[in-house]
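Protein chains in written order, with this note's numbering: chain A, 1 to 272; chain B, 1001 to 1329.
For each residue, glycine too, the CB sits at the ideal point set by N, CA and C.
Computed from a predicted model, the values in this text were never measured in an experiment.
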Amino acid sequence: MNKKNLRFVVALHIEAKSIISLYNLKKYKIRKKNFELYQNLGLNIWLVISGVGNINASEATKYLYQRSPINKKNIWINLGMAGSNNYNLGETFNIKKVTYKTKSYYTSTLVNNIISPGEIISVDKVEKEFSKQNVLYEMEAYGFIKEVEKFCDREQICIIKLISDNKKNAPTNFIKNTKFYINYNLENIEKLIDAHVKIASNINENNNSNLYLIQRKFNLTFSYRIILNDLVLNYQKIYPKNLLEKIIDESKDIKELINTLKNKIKIYTLRV
Amino acid sequence: MRKVIYIEKDIKDLPRTKYILKKFKNPIIILIDRYSEVFNKKNQNFRLQKINPAIILAKKYKNFILETPKSYTIGKKNNYYFSYMYNCLFDCRYCFLQGMYNSSNFVIFINYEDFFKEISFLKKKNIGKNTTIFSGYDCDSLAYDNITNFSNSVLKYFENFNDIELEIRTKSTYLKPFYRRSLKNIVLAFSFTPERFSTKYELGVASLKKRVDALKKVVNFGWNIGIRFDPFVIYEGWEVDYERLFKILFSTVPREQIHSVTYGNIRYPKKIFNNIKKMYTNEKLFLKFEKNKKNIYDENNGELIDNFCKNYLFTQIDQSKVFCNIHEK
């Protein structure tokens, strides 16, 4: 099963419901819980219900980061409803810019086709004026992105918002409409997320050094560990593991091992 | 893929901004206050951005021209560089830009005239005569020229700066603006590595044949040509490949049109080297890099390169036109 490596931060359970069902997420049971968590371990997908507001979004993001496995390919997604002056109810936006008071934050510029791009003004209280046109007003994106930027590259940050209300239409029947709008757009939301997953697949995994092979035979001081880790990382780029094992076996001490590795690397010529 | 274009609010209505925007089909435009809001912040992935780099249209306010490192010259006493753009369309595995910036998005400073204004001050200070200005330090000067139209402005201004020399360095084959009467004070400098290496390590760069064809055209218009083997790379079979490359290039450019030839090994300051190393955990190109006495990371192959280049180049062109960029150990 290909892992998707997704981390969702969603304010309300009703906004998360379609995602929970789409990815077959199960409730994560822990004794002391600050936030409600859902997960699908096989796909490495986790979701937290943050509650309304930027402070909650920020705390829930931090909580999810601490509770779920850290993976370089994780994509952090904030999904939810928003208001607008002129956008139509149910319209969906792939958010590119979040402004909170005077500060702005930016998301990935790599996935641009599936859902229309949009900009958010994040606020602390429910917005009713919608004074600016062509922007979305909502209450969580700032808390989310401010926190997520601390541990995640911009290219792996995705914010998706759907219009629940606008200047002409108050958010009546919020539960029913939210469910409908998200379900109606779910196919595109999934496509957008998959496009992010595809891009993240280009991220290099860290190359683990085979240092443990040396540690089985020799006790290493801190400085030897640093020197050897670097040497082994370089050595294993050009020679197979069994040759490293042979060199370790034949080395009488660490110094001899270091010299052998250095010489082997020195005689290598780049092949094009 | 749709392009994201960030535009500083102050320049959104300028004609050059509009000219550049017209080059893109249905771009996503995001207004920003200053380019530094989006460019080079820590939480960015240089490699991923290379998939579809965003463009940042900005205005530069100071430090239009800067002094080059002391040993960096192609014959003149005073050497300066300027960058109207940060980052590059090409994707060269060894490029120092990827270790210098966290972002591979393109920043284009659209106030070209302010660069030229500062260059004209050199003329007023009477130091112009012994001066080379380098373009193509933080970007490839021409790779994005069909979008930026930068060379058009360069040609217009440098026609009047005839005692200040300008080097325009590129790997691009987009040389159309130079298919015209040449200017004596402009050097078109082309960086080459052997094709076998270039195909693998210089993504996006045209084939040697295409590049040589483009080179022939500007030669025919009489331009001064710089040939750059910087970096000069060592790998299995490099001697044969370089001899072949030398032969092709020196039979393409007549001696009298060769302004200068430079060569140097791949070398980085510590911070840049560490960033690049982290980016390519399986790359063998940097395998033998070590810190030398000058705190520069390189492969300790300077002497080998120097001897090879001197042996060949001194038989082809005047020694005074050959410049070595290898740091002494």
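CB contact below 7 Å: residue i versus chain B
| i | result |
| --- | --- |
| ASN112 of chain A | yes |
| VAL98 of chain A | no |
| LYS237 of chain A | yes |
| GLU149 of chain A | yes |
| VAL272 of chain A | yes |
| TYR106 of chain A | yes |
| PRO240 of chain A | no |
| THR109 of chain A | yes |
| ASN234 of chain A | yes |
| PRO117 of chain A | yes |
DSSP bridge partner residues for residue i (one or two, in chain order)
| i | result |
| --- | --- |
| ALA1189 of chain B | B:ARG1169, B:GLY1226 |
| GLU1067 of chain B | B:TYR1080 |
| THR92 of chain A | A:LEU162 |
| CYS954 of chain B | Outside the modelled stretch of chain B, which goes from 1001 to 1329, sits residue 954 of chain B, for which no answer is possible. |
| ASP1298 of chain B | B:GLU1290 |
| TRP1238 of chain B | TRP1238 of chain B pairs with nothing; no bridge assigned. |
| LYS27 of chain A | A:TYR38 |
| PHE1106 of chain B | B:ILE1055 |
| PHE1323 of chain B | B:THR1262 |
| ALA82 of chain A | A:ILE163 |
| VAL48 of chain A | A:VAL9, A:LEU37 |
is_contact[residue i, chain A] using C-beta, thresh 7 Å
| i | result |
| --- | --- |
| ASN1043 of chain B | yes |
| ASN1052 of chain B | yes |
| LYS1200 of chain B | yes |
| PHE1197 of chain B | yes |
| THR1281 of chain B | yes |
| LYS1171 of chain B | no |
| LEU1021 of chain B | no |
| ARG1002 of chain B | yes |
| LYS1284 of chain B | yes |
| VAL1322 of chain B | no |
C-alpha distance - residue i paired with residue j, whole-angstrom precision
| i | j | result |
| --- | --- | --- |
| LYS1217 of chain B | VAL272 of chain A | 30 Å |
| ILE1029 of chain B | ASN202 of chain A | 26 Å |
| TYR23 of chain A | TYR1094 of chain B | 41 Å |
| ARG225 of chain A | LEU231 of chain A | 10 Å |
| LYS252 of chain A | ASN207 of chain A | 27 Å |
| THR1193 of chain B | ASN1300 of chain B | 19 Å |
| SER1071 of chain B | ILE1133 of chain B | 14 Å |
| GLU1159 of chain B | GLU1290 of chain B | 45 Å |
| GLY143 of chain A | TYR212 of chain A | 41 Å |
| GLY90 of chain A | LEU162 of chain A | 6 Å |
| GLY42 of chain A | ALA200 of chain A | 18 Å |
| LYS150 of chain A | GLN156 of chain A | 12 Å |
| LYS125 of chain A | ILE160 of chain A | 20 Å |
| ASN40 of chain A | LYS29 of chain A | 13 Å |
| LEU6 of chain A | LYS1200 of chain B | 33 Å |
| PRO1401 of chain B | LEU1021 of chain B | Since the first and last residues shown for chain B are 1001 and 1329, residue 1401 of chain B lies out of range. |
| ALA1054 of chain B | HIS196 of chain A | 16 Å |
| LYS266 of chain A | TYR1297 of chain B | 15 Å |
| ASN44 of chain A | PHE1232 of chain B | 45 Å |
| GLY1222 of chain B | LEU1183 of chain B | 8 Å |
| PHE1178 of chain B | PHE8 of chain A | 53 Å |
| ARG67 of chain A | ILE193 of chain A | 22 Å |
| ALA1206 of chain B | TYR235 of chain A | 33 Å |
Exposed unless 16 or more other CB atoms sit within 10 angstroms - verdict on residue i
| i | result |
| --- | --- |
| PRO240 of chain A | exposed |
| MET81 of chain A | buried |
| TYR1263 of chain B | buried |
| ILE20 of chain A | buried |
| TYR1006 of chain B | buried |
| ILE1219 of chain B | Residue identity check: residue 1219 of chain B is Val in the sequence provided, not Ile. So VAL1219 of chain B counts as buried. |
| PHE180 of chain A | exposed |
| LYS1050 of chain B | buried |
| ARG1255 of chain B | exposed |
| ARG154 of chain A | buried |
| THR107 of chain A | buried |
| PRO1069 of chain B | exposed |
| THR178 of chain A | buried |
| ILE175 of chain A | exposed |
| TYR1019 of chain B | exposed |
is_contact[residue i, chain C] using C-beta, thresh 7 Å
| i | result |
| --- | --- |
| ASP153 of chain A | Checking the listed chains, one finds no chain C in this structure; the protein chains it contains are A and B. |
(Q) Using a Cβ-Cβ cutoff of 9 Å, what residues of the stretch 201-219 of chain A are near chain B? List them in chain order. (A) Only those residues of the stretch 201-219 of chain A whose C-beta falls short of 9 Å from the nearest C-beta of chain B are listed: ASN202, ILE203, ASN204, GLU205, ASN206, ASN207.
**Q.** Selection of the stretch 1074-1107 of chain B by Cβ proximity to chain A, strictly under 8 Å
**A.** ASN1105
Q: Please list the residues of the stretch 1287-1319 of chain B that have a C-beta atom closer than 9 Å to any C-beta atom in chain A, keeping them in chain order.
A: LEU1287, LYS1288
Q: Determine which residues of the stretch 8-41 of chain A have a Cβ less than 7 Å from any Cβ of chain B, and write them out in chain order.
A: none
Q) Any residues in the stretch 1243-1261 of chain B with a beta carbon nearer than 7 Å to a beta carbon of chain A? Which ones, in chain order? A) none
Q: With 7 Å as the limit, tell me which residues of the stretch 1261-1278 of chain B have their beta carbon closer than that to any beta carbon of chain A; keep them in chain order.
A: Listed in sequence order: no entries.
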